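This report refers to the structure that appears directly beneath it.
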Amino acid sequence: MTEQERIQKQRTTRTAAEAPEVSIDTTKGEQLKADLDDLLDEIDEVLEENAEEFVRNYVQKGGQ
Amino acid sequence: MAIEKVLGIETEYGVAGGPDQDPILASSIIVNAYAQQGASRINWDFEGETPDLDARGLSGLTAFAPIVETHLANTVLSNGARLYVDHAHPEYSSPECRTPLEATLYDVAGEEVLRRALSTANASLDPSDAITLYKNNSDGKGNSYGTHENYLVSRQVDFSDVVRAMVPHFVSRQVVVGAGKVGAETDDALSHAPSFQLSQRAEFFEEVVGLETTLKRPIINTRDEPHSDAERFRRLHVIIGDANMSQVATFVKLGSTALLLAVLEDRGAAVFPPPPRHPVRAVRHFALDPSLRAVEQADDGVSYSAWDLQDALWHLAQDYVAATGAPAVASESEVAEILTQWREMLDGVRADPSGVADRVDWAAKQRVLEGYRERHDLPATDARLRAIDLQYHDLRPERSLSARVGLRQIFEVTPVREAVHNPPRSTRAFFRGRCVERFPDEIVAANWDSLVFDLGDGPLQRVPMMDPLRGTAELTENLLETSTSAADLLRALDG
């Protein structure tokens with residue numbers, strides 16, 4: 001291992017220690033997956049009442 | 001050798017409502033609302049911005065440099081990000097981050113920044129002028145706006161090799177990280193009358209390689225504006241991604257791309273699967289086929305599906321990680337998580353997309369659309385389905401569908417709140433963010449690679465930050481903590 005590689009390695013270890021841990025919460029996904037019906041009930045409540053107008057009024061100027 | 005993959009995401013948010021339904025005014029109100037609630041009002045400095053430089057080294061192209069709207073709201077945040085009005089959209093450019101996970105956190109923090117700005121702005125507006133914001137990429141009527149990723153790449157890699165290596169990934173990654181879309185909006189896609197596409201953005205791409213970002217959008221953008229030492233670095237400006245609501249999808253989008261760029265730097269372009277013969281046709285064709293069976297002939301004469309290409313690219317990345325550990329991308333555990341999630345999403349979309357609807361945005365959206373359509377027995381053209389598509393990306397907590405469909409979370413509320421305020425410790429964004437917080441009255445301008453101080457006596461003083469990996473907490477925290485004034489800090493930097 002060259003000096004440069006060693007420095008690279010140390011630096012990576014240090015960065016890793018500072019980075020947030022990867023920990024993906026799986027519970028929420030599985031819980032809701034089991035019950036599409038509840039979700040659809042909720043969507044009925046949350047969806048804009050006048051969907052047609054809501055969608056028609058959403059016009060953007062172009063961007064990048 | 002692969003260089004450390006400093007990276008970040010810039011997002012143009014969709015904006016509706018506001019006084020006179022004027023999107024530029026609404027965007028300015030949003031940016032100013034955030035600035036007024038305690039964040040910085042420091043101006044952006046356009047010195048050194050050269051968006052018309054072409055990575056292919058060509059000159060005399062017919063492309064136009066983007067219009068720079070200097071009179072519009074434009075701020076630097078204490079987390080090192082930039083929040084401003086770009087075209088007719090509020091845009092959050094995340095601070096430079098050192099790993100895909102960190103960049104995901106700062107993308108999620110961007111949503112929170114915009115949510116706070118929205119709530120502050122609407123509190124002072126008449127309810128009939130309320131503004132709404134969307135983290136998406138099209139209005140369903142032919143207008144698209146971007147979510148751009150940026151990756152630090154070694155200048156030693158020839159640009160033609162970037163094109164050769166990355167086209168297969170950019171046309172195919174939508175099978176795992178596409179955000180999904182109801183219907184179509186450009187002539188070519190409309191002629192296929194799709195009820196659903198994998199990607200928000202795919203149908204808007206018209207060229208393989210080019211400098212444009214608003215017209216004739218290219219799969220590989222050649223903007224050569226490194227915002228760093230141009231002798232050593234490129235900044236690969238990726239304009240073909242969808243805005244993801246799924247944190248895991250953002251993580252995999254960034255992680256897979258960063259890994260493949262490290263493979264390119266260390267192993268060259270020849271190890272990559274062959275690009276499709278017609279990349280533009282391929283990216284659109286793949287988007288139109290949620291069954292994932294569509295194939296396109298590649299340069300080697302063989303026909304591949306997008307899934308086949310992703311599978312080959314995953315194996316390429318996995319082999320590279322096994323051999324080198326990919327320290328240029330992230331820690332061992334983070335790199336392992338990128339590969340695990342990428343693999344699970346890839347296998348999931350092929351077996352049963354609803355099985356990965358907790359991570360893959362298009363699968364989450366499609367599951368809800370199909371369920372809703374069946375329940376109410378709706379035709380494919382019903383406006384409620386388009387409303388579901390739009391509200392999936394809605395930033396209002398009371399209207400957001402992505403917040404309700406059961407997406408896996410990587411980050412709890414607390415780290416996101418901290419990232420709204422604090423810069424990443426791992427790059428020069430730390431120095432920028434902390435200076436903006438500590439010395440807001442002495443900094444007159446800031447941009448990616450410098451800060452300009454005005455101490456009141458004598459000329460303005462520019463502090464250059466040409467290396468994204470200098471200015472980290474490790475290198476500057478002590479100095480910043482012991483400096484009692486901006487003058488103190490500048491003296492110490494000089495010494």
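Heads up: the protein sequence lines correspond to chains A and B, in order. Under the numbering used here, read the first sequence as residues 1 to 64, first letter to last. Under the numbering used here, read the second sequence as residues 1 to 495, first letter to last. C-beta: ideal position from N, C-alpha, C; glycine also. Since the structure is predicted, the reported quantities are computational estimates derived from the model, not experimental observations.
By the criterion of Cβ-Cβ separation under 7 Å, what are the contact partners of residue i in chain A?
i, result
"residue 89 of chain B", "63"
"residue 139 of chain B", "58, 59, 60"
"residue 283 of chain B", "None at all; the shortest Cβ gap to chain A is about 17 Å."
"residue 157 of chain B", "Here the premise fails: no neighbours, minimum Cβ distance about 18 Å."
"residue 146 of chain B", "63, 64"
"residue 96 of chain B", "Residues of chain A passing the Cβ test: none, with the nearest at roughly 13 Å."
"residue 185 of chain B", "Those within 7 Å of residue 185 of chain B in chain A number zero; the least Cβ separation is about 11 Å."
"residue 500 of chain B", "Nothing can be reported for residue 500 of chain B, as the shown portion of chain B is limited to 1 through 495."
Between which two residues does the beta strand (DSSP E) carrying residue i extend?
i, result
"residue 303 of chain B", "303 to 305"
"residue 441 of chain B", "Premise fails: residue 441 of chain B is in no beta strand (DSSP E) and is neither H nor E."
"residue 461 of chain B", "461 to 464"
"residue 221 of chain B", "217 to 221"
"residue 154 of chain B", "147 to 154"
"residue 496 of chain B", "Outside the shown range of chain B (1 to 495) lies residue 496 of chain B, about which nothing can therefore be said."
"residue 208 of chain B", "205 to 210"
"residue 89 of chain B", "89 to 93"
"residue 16 of chain B", "14 to 17"
Mind pulling the chain A residues with CB within less than 8 Å of residue i?
i, result
"residue 390 of chain B", "54, 55, 58"
"residue 23 of chain B", "60, 61"
"residue 86 of chain B", "63, 64"
"residue 373 of chain B", "Residues of chain A passing the Cβ test: none, with the nearest at roughly 10 Å."
"residue 399 of chain B", "46, 48"
"residue 206 of chain B", "Correct list: empty, because the minimum Cβ distance to chain A is about 13 Å."
"residue 387 of chain B", "47, 48, 51, 54, 55"
Output the boundary residues of the alpha helix (DSSP H) element that contains residue i.
i, result
"residue 371 of chain B", "361 to 376"
"residue 36 of chain A", "36 to 46"
"residue 245 of chain B", "Counting along the chain, residue 245 of chain B falls outside any alpha helix (DSSP H), and DSSP gives it neither H nor E."
"residue 499 of chain B", "Since the first residue of chain B shown is 1 and the last is 495, residue 499 of chain B is not available in this structure."
"residue 3 of chain B", "Neither: residue 3 of chain B is in no alpha helix (DSSP H) and is coded neither H nor E."
"residue 100 of chain B", "100 to 123"
"residue 188 of chain B", "187 to 190"
"residue 53 of chain A", "51 to 57"
Taking residue i as the query, report the chain A residues whose CB atoms sit under 9 Å from its CB, ordered along the chain.
i, result
"residue 456 of chain B", "Correct list: empty, because the minimum Cβ distance to chain A is about 36 Å."
"residue 368 of chain B", "36, 39, 40, 43"
"residue 447 of chain B", "What residue 447 of chain B touches in chain A: nothing, since even the nearest Cβ is about 18 Å away."
"residue 422 of chain B", "Within chain A, no residue comes near residue 422 of chain B; the closest Cβ sits about 12 Å away, beyond 9 Å."
Going along chain E in order, which residues have a C-beta closer than 7 Å to the C-beta of residue i?
i, result
"residue 213 of chain B", "Protein chains in the displayed structure are A and B, and chain E is not among them."
Since residue i sits in a beta bridge, which residues does DSSP pair it with?
i, result
"residue 44 of chain B", "B:446"
"residue 295 of chain B", "B:305"
"residue 54 of chain B", "B:223"
"residue 237 of chain B", "B:150"
"residue 572 of chain B", "Outside the displayed range of chain B (1 to 495) lies residue 572 of chain B, so it cannot be described from this structure."
"residue 9 of chain B", "B:149"
"residue 451 of chain B", "B:446, B:463"
"residue 181 of chain B", "B:197"
"residue 517 of chain B", "Past the edges of chain B, shown from 1 to 495, lies residue 517 of chain B, and the structure says nothing about it."
"residue 138 of chain B", "B:144"
"residue 276 of chain B", "B:298"
"residue 64 of chain A", "In DSSP, residue 64 of chain A forms no bridge with anything."
"residue 36 of chain B", "In DSSP, residue 36 of chain B forms no bridge with anything."
"residue 435 of chain B", "None; residue 435 of chain B has no bridge partner."
"residue 494 of chain B", "The partner list for residue 494 of chain B (beta bridge, DSSP) is empty, contrary to what the question assumes."
"residue 394 of chain B", "B:134"
Count the CB pairs spanning the region 145 to 162 of chain B and the region 257 to 274 of chain B that are closer than 8 Å, and state whether there are at least three. yes
Interfacial residues, the region 103 to 136 of chain B to chain A, with Cβ spacing under 7 Å: 105
Cβ contact check for the region 226 to 242 of chain B and the region 201 to 212 of chain B: 3 or more pairs under 8 Å: yes
Report yes or no: do the region 419 to 436 of chain B and the region 465 to 477 of chain B share at least 3 C-beta pairs separated by less than 8 Å? yes
Counting only Cβ-Cβ distances shorter than 8 Å, please list the residues of the region 336 to 349 of chain B near chain A, keeping chain order. 337, 341
If contact is defined by three or more beta carbon pairs under 8 Å, each pair taking one atom from either stretch, is the region 354 to 372 of chain B in contact with the region 403 to 421 of chain B? yes
Listed in chain order, which residues of the region 1 to 16 of chain B have Cβ atoms closer than 7 Å to some Cβ of chain A? 12, 14, 16
Cβ contact (3+ pairs, closer than 8 Å) linking the region 340 to 350 of chain B and the region 281 to 288 of chain B: no
Are three or more beta carbon pairs between the region 93 to 103 of chain B and the region 413 to 426 of chain B nearer than 8 Å? yes
Contact between the region 120 to 130 of chain B and the region 210 to 222 of chain B is defined here as three or more beta-carbon pairs at a separation below 8 Å; is this criterion met? no
Touching by the beta-carbon criterion (3+ pairs, under 8 Å), the region 440 to 454 of chain B and the region 133 to 148 of chain B: no
Taking 8 Å as the cut-off, does the region 5 to 23 of chain B touch the region 81 to 92 of chain B (at least 3 CB pairs, one atom from each stretch)? yes
Take every Cβ of the region 107 to 126 of chain B, pair it with every Cβ of the region 16 to 36 of chain B, and state whether three or more of those distances are shorter than 8 Å. yes
Cβ pair count under 8 Å reaching 3, the region 106 to 115 of chain B against the region 16 to 25 of chain B: no
For the 8 Å Cβ check, are there 3 or more pairs between the region 182 to 198 of chain B and the region 249 to 266 of chain B? no
Check whether the region 431 to 439 of chain B touches the region 73 to 81 of chain B, taking contact to mean three or more Cβ pairs, one atom from each stretch, closer than 8 Å. yes
Give, in chain order, every residue of the region 226 to 250 of chain B whose Cβ lies closer than 9 Å to some Cβ of chain A. 239, 247, 248
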